[in-house]
Amino acid sequence: DGGITQSPKYLFRKEGQNVTLSCEQNLNHDAMYWYRQDPGQGLRLIYYSQIVNDFQKGDIAEGYSVSREKKESFPLTVTSAQKNPTAFYLCAGPAPTDTQYFGPGTRLTVL
Amino acid sequence: AQTVTQSQPEMSVQEAETVTLSCTYDTSESNYYLFWYKQPPSRQMILVIRQEAYKQQNATENRFSVNFQKAAKSFSLKISDSQLGDTAMYFCAFMIGGAQKLVFGQGTRLTINP
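One line per chain: the protein sequences are A and B, in this order.
For the first sequence, the positions run 69 to 179 when this note's numbering is used.
For the second sequence, the positions run -9 to 104 when this note's numbering is used.
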């Protein structure tokens, strides 16, 4: 997993509530990434950060927010503005040879 | 925009057989990388194999090899002597050199039967 940890493994939320997913890394990576995976689909990039206190939108950033106050942490908040938040969320960090390591993921279900 | 297409939603083979998963991509860039990731039932994404676009030689990793056809923008994965543990979703992915984004295909669900 390249030193990427995510919590919790499963998360349930009521409609209209914000929820924050945790992503932590212990390998001193500058860059971190958040992806979303829907059933039967590939991953899509939500946000990424290349350095502390800076982040960029990916392809599907609407309804999400992030922060990067510490190098080790890159939390993702799923806001009430996200119309279809039920999905599997994966955090990633850079790996040697221009690829990425992925954390174990968080399954978010909206009740 | 870069796109990755996997045309085989599901495949199934017997243990010890050889299987080939297809992937095509579209880009106007010349410096890029291609990957195959495996996602077993645990849902952990695992890198299987990597190919640099500037290298003509096809990458191999033990039982896994690729057929990289740059002109045709094709990047297929061959699994030899398939094992039950190869059962997983397989995703083809693409990254422009120096960029920060992996672009994924829709995936192929591979089942290895005993």
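Built from N, CA and C at the ideal position, the CB exists for glycine as well.
Given the structure is predicted, the values throughout are model-derived calculations rather than measurements.
Partners in chain B for residue i, counting only beta-carbon separations shorter than 7 Å
i: P172 (chain A); result: Q34
i: Q168 (chain A); result: L92
i: G110 (chain A); result: F81, F94, G95, Q96, G97
Residue from the options with nearest C-alpha to residue i
i: L37 (chain B); options: B:A78, B:T(-7), B:I102; result: B:A78
i: N103 (chain B); options: B:S2, B:V(-6), B:S(-3); result: B:S2
i: A83 (chain B); options: B:Q59, B:K68, B:A61, B:C13; result: B:C13
i: K151 (chain A); options: A:Y78, A:S90, A:K138, A:A129; result: A:A129
i: G95 (chain B); options: A:Y157, A:T145, A:L111; result: A:L111
i: K138 (chain A); options: A:I114, A:Q93, A:R104; result: A:Q93
Contacts of residue i in chain B (Cβ-Cβ under 8 Å)
i: G161 (chain A); result: What G161 (chain A) touches in chain B: nothing, since even the nearest Cβ is about 11 Å away.
i: Q93 (chain A); result: The contacting residues do not exist; Q93 (chain A) stays about 15 Å from chain B at best.
i: F123 (chain A); result: Result: empty, since nearest Cβ-Cβ is about 11 Å, beyond 8 Å.
Contacts that residue i makes with chain B (C-beta to C-beta distance below 9 Å)
i: Y116 (chain A); result: Q90, K91
Burial state of residue i (16 or more Cβ within 10 Å)
i: S72 (chain B); result: buried
i: S18 (chain B); result: exposed
i: P(-1) (chain B); result: exposed
i: L24 (chain B); result: buried
i: T50 (chain B); result: exposed
i: F170 (chain A); result: buried
i: D122 (chain A); result: exposed
Problem set entry | Interface residues of the stretch 53 to 81 of chain B facing chain A [CB-CB below 8 Å] | Only F81 from the stretch 53 to 81 of chain B bring a Cβ to less than 8 Å from some Cβ of chain A.
Problem set entry | Sequence ranges, beta strand (DSSP E) only - wholly within the stretch 81 to 118 of chain A, length at least 3 | Every beta strand (DSSP E) of 3 residues or more that sits fully in the stretch 81 to 118 of chain A is shown, in chain order, as 87 to 93, 100 to 105.
For this session: Any chance you could list the beta strand (DSSP E) runs of at least 3 consecutive residues sitting entirely within the stretch 21 to 82 of chain B, in chain order?
Result: Counting only runs of 3 or more, we get 22 to 29, 36 to 42, 54 to 59, 64 to 69.
Exercise. Any residues in the stretch 10 to 40 of chain B with a beta carbon nearer than 7 Å to a beta carbon of chain A? Which ones, in chain order?
Worked result: Residues Y23, F25, R33, Q34, M35, L37, R40.
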